[in-house]
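Student: These protein sequences, in sequence, are chains R and E.
Residue numbers are given in this note's numbering: position 80 of the first sequence equals residue 80, and the series is strictly consecutive.
Take the position in the second sequence, starting the count at 1, then add 460; the result is the number in this note's numbering.
Glycine included, every Cβ here is placed at the ideal spot set by N, Cα and C.
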Amino acid sequence: MCRPRASRSLVSHRPGAAHFGLLIPLLPLVLWLAAPAGAEAHAAFVSSDPPDVCAPQAIPRLSPTDPRCQTGVLLGTSPGMVTVRLSEPVQLIGRGIRVLGPSGSFVASPPATVDGTEARLEIGQLDPGTYVVEWQVLSADTHPTRGRFAFSVGQTSRPAVDPMTGDVGQVTLLGLVLQTAGRWLHFGGVALGFGGLAFALLTARRRREAWWPLLLERSWSEAGWGASLLILAEPVALLAQSASLGVDTTFDPDTLVGVLGSSFGLLLGFRAGAALLLWMLAGAAQLVENEPSEPKPLLLAAACLGLALSAVDAFSSHAGSFRPAALGLAVQSLHSTGMALWLGAAMSIAIARRKLSGERLEALRSSARWPVLLGLLLVGATGVAMAAVHIPSLGALVESGYGKTLLAKQVLLGLTLSAAALARVGRSRLPREWWSACDLAALVAVVGSASLLVSLPPPR
Amino acid sequence: MSRPARFHYAWIVAVVTFLTLLATAGIRAMPAVLILPLEQEFGWNRATVSVAVSINLLVYGLIGPFAASLMDRFGLRRVIMLALTADALAVGGLLFMRSLWQLYLLWGVLVAVATGSTAIVLAATVANRWFFARRGLVMGGLTSANAMGQILFLPLLAYIAVSAGWRPVVMVTAAVAMLILPVSLAFMRDSPESIGLQPYGAPAESAASSLPPGEAAPPKLSALASLRLGVRRGDFWLLAGSFFVCGASTFGLISTHFIPASVEHGVPEVTAASLLAVMGTLNIAGTMASGWLTDRYDNRWLLCGYYLMRGIALLFLPFAYGLGFFGLLAFVVFYGLDWIATVPPTLGLSSQIFGKRNGPVVFGWMFAAHQVGSATAALGAGILRTWLGDYQLAFMSSGLLCLLAAGIVIRIGRASRGSVLPARPLGAGVPAAS
Numbered sequence: 001m002c003r004p005r006a007s008r009s010l011v012s013h014r015p016g017a018a019h020f021g022l023l024i025p026l027l028p029l030v031l032w033l034a035a036p037a038g039a040e041a042h043a044a045f046v047s048s049d050p051p052d053v054c055a056p057q058a059i060p061r062l063s064p065t066d067p068r069c070q071t072g073v074l075l076g077t078s079p080g081m082v083t084v085r086l087s088e089p090v091q092l093i094g095r096g097i098r099v100l101g102p103s104g105s106f107v108a109s110p111p112a113t114v115d116g117t118e119a120r121l122e123i124g125q126l127d128p129g130t131y132v133v134e135w136q137v138l139s140a141d142t143h144p145t146r147g148r149f150a151f152s153v154g155q156t157s158r159p160a161v162d163p164m165t166g167d168v169g170q171v172t173l174l175g176l177v178l179q180t181a182g183r184w185l186h187f188g189g190v191a192l193g194f195g196g197l198a199f200a201l202l203t204a205r206r207r208r209e210a211w212w213p214l215l216l217e218r219s220w221s222e223a224g225w226g227a228s229l230l231i232l233a234e235p236v237a238l239l240a241q242s243a244s245l246g247v248d249t250t251f252d253p254d255t256l257v258g259v260l261g262s263s264f265g266l267l268l269g270f271r272a273g274a275a276l277l278l279w280m281l282a283g284a285a286q287l288v289e290n291e292p293s294e295p296k297p298l299l300l301a302a303a304c305l306g307l308a309l310s311a312v313d314a315f316s317s318h319a320g321s322f323r324p325a326a327l328g329l330a331v332q333s334l335h336s337t338g339m340a341l342w343l344g345a346a347m348s349i350a351i352a353r354r355k356l357s358g359e360r361l362e363a364l365r366s367s368a369r370w371p372v373l374l375g376l377l378l379v380g381a382t383g384v385a386m387a388a389v390h391i392p393s394l395g396a397l398v399e400s401g402y403g404k405t406l407l408a409k410q411v412l413l414g415l416t417l418s419a420a421a422l423a424r425v426g427r428s429r430l431p432r433e434w435w436s437a438c439d440l441a442a443l444v445a446v447v448g449s450a451s452l453l454v455s456l457p458p459p460r
Numbered sequence: 461m462s463r464p465a466r467f468h469y470a471w472i473v474a475v476v477t478f479l480t481l482l483a484t485a486g487i488r489a490m491p492a493v494l495i496l497p498l499e500q501e502f503g504w505n506r507a508t509v510s511v512a513v514s515i516n517l518l519v520y521g522l523i524g525p526f527a528a529s530l531m532d533r534f535g536l537r538r539v540i541m542l543a544l545t546a547d548a549l550a551v552g553g554l555l556f557m558r559s560l561w562q563l564y565l566l567w568g569v570l571v572a573v574a575t576g577s578t579a580i581v582l583a584a585t586v587a588n589r590w591f592f593a594r595r596g597l598v599m600g601g602l603t604s605a606n607a608m609g610q611i612l613f614l615p616l617l618a619y620i621a622v623s624a625g626w627r628p629v630v631m632v633t634a635a636v637a638m639l640i641l642p643v644s645l646a647f648m649r650d651s652p653e654s655i656g657l658q659p660y661g662a663p664a665e666s667a668a669s670s671l672p673p674g675e676a677a678p679p680k681l682s683a684l685a686s687l688r689l690g691v692r693r694g695d696f697w698l699l700a701g702s703f704f705v706c707g708a709s710t711f712g713l714i715s716t717h718f719i720p721a722s723v724e725h726g727v728p729e730v731t732a733a734s735l736l737a738v739m740g741t742l743n744i745a746g747t748m749a750s751g752w753l754t755d756r757y758d759n760r761w762l763l764c765g766y767y768l769m770r771g772i773a774l775l776f777l778p779f780a781y782g783l784g785f786f787g788l789l790a791f792v793v794f795y796g797l798d799w800i801a802t803v804p805p806t807l808g809l810s811s812q813i814f815g816k817r818n819g820p821v822v823f824g825w826m827f828a829a830h831q832v833g834s835a836t837a838a839l840g841a842g843i844l845r846t847w848l849g850d851y852q853l854a855f856m857s858s859g860l861l862c863l864l865a866a867g868i869v870i871r872i873g874r875a876s877r878g879s880v881l882p883a884r885p886l887g888a889g890v891p892a893a894s
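What follows is the structure, given as structure tokens:
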């Protein structure tokens, strides 16, 4: 037997000190990542010059089906400059603004510039006809936004492309789907990666009981899988950014490189870094498995990492709708922390059910009560706060896509809680296991609706 | 364990090795000084001269295992003599250079073969042959010669180049190699056994090979045979993979691109060069400390910590530029401290897994991976820079690679399938005082 021997010969002589040492470099990272960075919600179109009379925010506004939207405002002379104003400071992606002439080719111009909330493009003298402006920007919270509108000089003509994009939430449908999928994978990875560990940490005072070592072992192996999901989410999120700006630019190298060079590139780097650190901690946990040392330092390191990641996630969500923005970051982080706690405990029980039975399973269940309650409380309180900030009126709840998604999420949440209650009571004809499975499935659906919610712009 | 004698010949061997490595580092510091004058005199451009540097980096790395194997067959002393002579001749040959292929041959191949033979594998072989206790410390001290050589020679050579031209630079460097030659001839000894000694700190009762009693010495393997031995074990790939990242994130990325990146962020060139020198100084302290730690703690935890620190420092670098001088200084301190710190624990693990005899040769192959990493990153970062217009993506991705390496090294010792050599606990990893 060479393998056990090999690992024994490499075992540390003073393991405890080394584990504590691991925490030290993590601490500044956590503090630094958690520092509020002035995040904002989606950048929304405010106004433009020449004016976009068909944008949802335009006053007065034409209906998108109005034929005048195809040609836009009619100007007497060439405007010389195209300006797009947004609700918050933005970065340009790719060329930022382009103007498509009546012939179907782009108007020659110097690169677009951005100054805070205003993006500009100088255009020379234009021939008579209808032109289409295409703009694409990235807001501070890394959400991509694009738009298109027409204007005419001297006379109208047939626009080279349809100025009405038919976008959902100011991005392409494919982009929205990919964004949701990427976030789903990411949130799933967070729950799987950190949830079980958080549960183990919260129940660490009962570590002498028979079920706890099993819980710990399963949690670390879940953490490895969670890290894989987190890594897998990154390329999906990257493609979502490029697809959001146009289906044809999904694999366009220049757009992808532009996205990577923007603040989204930094976000992607931090999230991948967190996933790799989690993977490293899972490896370290296996190294100390057979040692009688304290498992707590590694669990604490994982908890710090999880909090740091939720702060990074909050940065890319709608935290900026709060004043001050730091409050939004805190609320958003607590929301995802609560989600991870709840989902982690639920998954740990579902997984442990195969290995434990009778009293031990009951002990595990009863110890899960307060982590789950804590998670629910966090999710509930922060969820209400976020809804209050993002939904300006009851009407917006049923009119906007954001509101509808929020409603659907509440329905799913209700189903989850009912299934959980039935699983606990066990007074139905169906077995408890069945209800637990339903509970877990509904939870996954809740996370899916949350992913869509974060991808959509909140109504203003 | 018997108390080591008050003075042991091993320390003389270590000092001679240190001087040899110092001279080698001086020779290797030359291109930084020579690139511009060569371009001016011969009309070559940056890319063509860089090709010579790249060939040199690769050959320098790949020659290591073969040099280790030669040291086993012909002895340390002969290999050092040969390498120093070749160094002096090849460097001197640059004086008679007329066309580009001569630069490729002399600098790209000959100097690389000669300096590669007296580089890190020499340190590894000396540490393993002459020391049983304090092996990590010796390895740390010897590898710090690399940084020290750069700090000593770079300003000197730069001064000579500015005041007297590139030819005197070449003459001085060749002369340094010739100076070390008689010192080595006089004091270098092949092994403790050849002068009737035990390795420093070896248990008195053990056989000459310092193996535990009753255990037969494993066969000594050639360079290629040890590569075959290595590739069959998962641990080799984990160590070589992490060492690839090490090369990519140090010599490939920071040595090559730190100054241009800093200049682009408005840091004056002299300040950037000084920061690089500060890094080199810290590097000496870091490597020595790492050697000391290697003797005392599980090498996997050490490596994991080093890569973690380096990864975080690199992820922080794009922001450090925004924080002004003190931000950069913070990066320099963190980064400098574990620049070469990875070498002692990597050698330690290699010796624990592949045995004292074959460990250095296998380590030579890992060092080849290190050099491939250096060459890849030097080129890759340049390409990313050209494409994107800044270094953000290059710094971030190498930071992530370091975090990946931290996860890789912590898994060493569990990945081996079909063990060829039984792993034995050896001097490294055992507290010297126990």
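Count the CB pairs spanning the stretch 50–64 of chain R and the stretch 88–108 of chain R that are closer than 8 Å, and state whether there are at least three.
Tutor: These segments do not touch.
Student: Can you say whether G503(E) is buried or exposed, counting buried as having 16 or more other CB atoms within 10 angstroms of its CB?
Tutor: Counting from one through the second sequence, the residue named residue 503(E) turns up at place 43. When all chains shown are included, G503(E) counts as exposed.
Student: Can you check DSSP and say which residues form a bridge with E118(R)?
Tutor: The sequence position of residue 118(R) within the first sequence is 118, counting from 1. According to DSSP, which records beta bridges pairwise, E118(R) is partnered with R85(R) and D115(R).
Student: If contact means a Cβ-Cβ distance below 7 Å, which residues of the stretch 196–226 of chain R contact chain E?
Tutor: From the stretch 196–226 of chain R, no residue has a Cβ closer than 7 Å to chain E.
Student: Under 8 Å Cβ to Cβ from V379(R), same chain only, skipping five residues before and after it: list those, please.
Tutor: Position 379 of the first sequence, counted from the first residue, corresponds to residue 379(R). The answer, listed in chain order, is H335, G338, M339 and W342.
Student: Please classify F592(E) as buried or exposed, where buried requires at least 16 neighbouring CB atoms within 10 angstroms.
Tutor: Here residue 592(E) is taken as the residue at index 132 of the second sequence, counted from 1. Looking at its Cβ environment, which holds 16 or more other Cβ atoms inside 10 Å, F592(E) is buried.
Student: Give the DSSP-derived three-state secondary structure of G328(R) in the structure shown.
Tutor: Taking the first residue of the first sequence as position 1, residue 328(R) is located at position 328. Looking at G328(R) - three-state DSSP - the assignment turns out to be helix.
Student: Select from F855(E), M599(E) and G609(E) the residue whose C-alpha is nearest the C-alpha of A780(E).
Tutor: As a first step, residue 780(E) is located in the second sequence; it is residue number 320 there, counting from the start. Checked all of F855(E), M599(E) and G609(E); the closest Cα to A780(E) is F855(E).
Student: Spatial neighbours of Y767(E) within its chain, please: C-beta separation below 6 Å, excluding the five flanking residues on both sides.
Tutor: Taking the second sequence and counting its residues from 1, one reaches residue 767(E) at position 307. Cβ within range, chain order: C862, A865 and A866.
Student: Taking only beta-carbon positions, decide if L863(E) is within less than 8 Å of chain A.
Tutor: No chain A is present in this structure, whose protein chains are R and E.
Student: Using only CA atoms, which one of A624(E), A543(E), L566(E) and L860(E) lies nearest to V551(E)?
Tutor: Translated into the one-based positions of the second sequence, residue 551(E) becomes position 91. For the residues A624(E), A543(E), L566(E) and L860(E), the minimum Cα distance to V551(E) belongs to L566(E).
Student: Within 7 Å: the Cβ of C54(R) and any heavy atom of the ligand HEM?
Tutor: With respect to the ligand HEM, the structure offers nothing, as it holds no ligand at all.
Student: Using DSSP's beta-bridge definition, name the partner residues of R146(R).
Tutor: Start at 1 with the first residue of the first sequence, and residue 146(R) comes out as number 146. R146(R) pairs with Q136(R).
Student: Would you verify that the beta carbon of M280(R) is, or is not, closer than 8 Å to some beta carbon of chain E?
Tutor: Indexing the first sequence from 1 puts residue 280(R) at position 280. So, interface residue.
Student: Step through the CB atoms of chain E and report whether any lies within less than 8 Å of the CB of V114(R).
Tutor: The count along the first sequence starts at 1 and reaches residue 114(R) at position 114. Output row for V114(R): interface = no.
Student: Taking only three categories from DSSP, how would you classify Q852(E)?
Tutor: In the second sequence, the residue the question calls residue 852(E) occupies position 392. In the structure shown, Q852(E) sits in a helix (DSSP, three-state: H, G or I).
Student: Taking all protein chains shown into account, do 16 or more other C-beta atoms lie within 10 angstroms of the C-beta of W847(E), making it buried, or fewer, making it exposed?
Tutor: The residue you call residue 847(E) lines up with position 387 of the second sequence. The residue is exposed, with fewer than 16 neighbouring Cβ atoms inside 10 Å.
Student: Between which two residues does the alpha helix (DSSP H) containing V444(R) stretch?
Tutor: Locating residue 444(R) in the first sequence gives position 444, where the first residue counts as 1. From DSSP, the alpha helix (DSSP H) with V444(R) extends over R432 to S455.
Student: With C-beta atoms as the reference, is G746(E) less than 8 Å away from T836(E)?
Tutor: Residue mapping note: residue 746(E) aligns to position 286 of the second sequence, counting from 1. Residue mapping note: residue 836(E) aligns to position 376 of the second sequence, counting from 1. Not in contact: G746(E) and T836(E) (Cβ atoms no closer than 8 Å).
Student: So what does I97(R) bridge to, in DSSP terms?
Tutor: By one-based count along the first sequence, residue 97(R) stands at place 97. In DSSP, I97(R) forms a bridge with W135(R).
Student: Quick check on L276(R) - is its C-beta less than 8 Å from some C-beta in chain E?
Tutor: One-based indexing of the first sequence puts residue 276(R) at position 276. Yes - at least one Cβ of chain E is within 8 Å of the one on L276(R).
Student: Skipping 5 residues on each side, what residues in its chain have a beta carbon closer than 7 Å to that of A240(R)?
Tutor: As a position in the first sequence, residue 240(R) is number 240, starting the count at 1. Closer than 7 Å at the Cβ level, and outside the excluded window around A240(R), lie G175, L178, Q179 and G182.
Student: In this structure, how does DSSP classify G129(R) when only helix, strand and coil are distinguished?
Tutor: As a working mapping, residue 129(R) is identified with position 129 in the first sequence. Note: G129(R) maps to strand in three-state DSSP.
Student: By the three-class DSSP mapping on this structure, what secondary structure does V153(R) have?
Tutor: One-based indexing of the first sequence puts residue 153(R) at position 153. Strand, per DSSP.
Student: Give the DSSP-derived three-state secondary structure of Y795(E) in the structure shown.
Tutor: In the second sequence, the residue the question calls residue 795(E) occupies position 335. Correct three-state label for Y795(E): helix.
Student: Can you tell me whether E222(R) is buried or exposed, with buried defined as 16 or more other CB within 10 angstroms of its CB?
Tutor: As a first step, residue 222(R) must be located in the first sequence, where it is residue number 222. Under this definition E222(R) is a buried residue.
Student: Apply the 10 Å Cβ neighbour rule to S876(E) and answer buried if 16 or more other Cβ atoms are within range, or exposed otherwise.
Tutor: On the second sequence, residue 876(E) is found 416 positions in, with the first residue counted as 1. Annotation note: pLDDT 42 at S876(E) (below 50); position unreliable, no value reported.
Student: Between the Cα of D49(R) and those of G80(R), D141(R) and D66(R), spot the shortest distance and give me the residue it belongs to.
Tutor: Position 49 of the first sequence, counting from 1, holds the residue named residue 49(R). Here the closest residue by C-alpha is G80(R).
Student: Can you look up S393(R) in the DSSP assignment and give me helix, strand or coil?
Tutor: Position 393 of the first sequence holds residue 393(R). Reduced to three states, the DSSP call for S393(R) is coil.
Student: Could you pull out every unbroken alpha helix (DSSP H) segment of at least 4 residues lying fully inside the stretch 343–392 of chain R, listed in chain order?
Tutor: Those alpha helix (DSSP H) runs which fall completely within the stretch 343–392 of chain R and span 4+ residues are 358–390.
Student: Looking at the secondary structure, which residues open and close the beta strand (DSSP E) in which G46(R) lies?
Tutor: The sequence position of residue 46(R) within the first sequence is 46, counting from 1. A small fix is needed here, since residue 46(R) is Val in this sequence, not Gly. V46(R) -> beta strand (DSSP E) spans F45 to D49.
Student: Closer than 9 Å between beta carbons: that is the criterion. Which residues of the stretch 134–148 of chain R meet it against chain E?
Tutor: Within the stretch 134–148 of chain R, no residue has a Cβ that lies closer than 9 Å to any Cβ of chain E.
Student: At a Cβ threshold of 8 Å, is I843(E) touching chain R?
Tutor: The residue you call residue 843(E) lines up with position 383 of the second sequence. Not one chain R Cβ lies under 8 Å of I843(E).
Student: Does the structure place the stretch 97–116 of chain R close enough to the stretch 66–79 of chain R that three or more beta carbon pairs sit under 8 Å?
Tutor: With the cut-off at 8 Å, the stretch 66–79 of chain R and the stretch 97–116 of chain R do not touch.
Student: Rounded to the nearest angstrom, what separates S152(R) and V161(R) at their Cα positions?
Tutor: Position 152 of the first sequence, counting from 1, holds the residue named residue 152(R). Position 161 of the first sequence, counting from 1, holds the residue named residue 161(R). When rounded, the distance between both Cα atoms is 14 Å.
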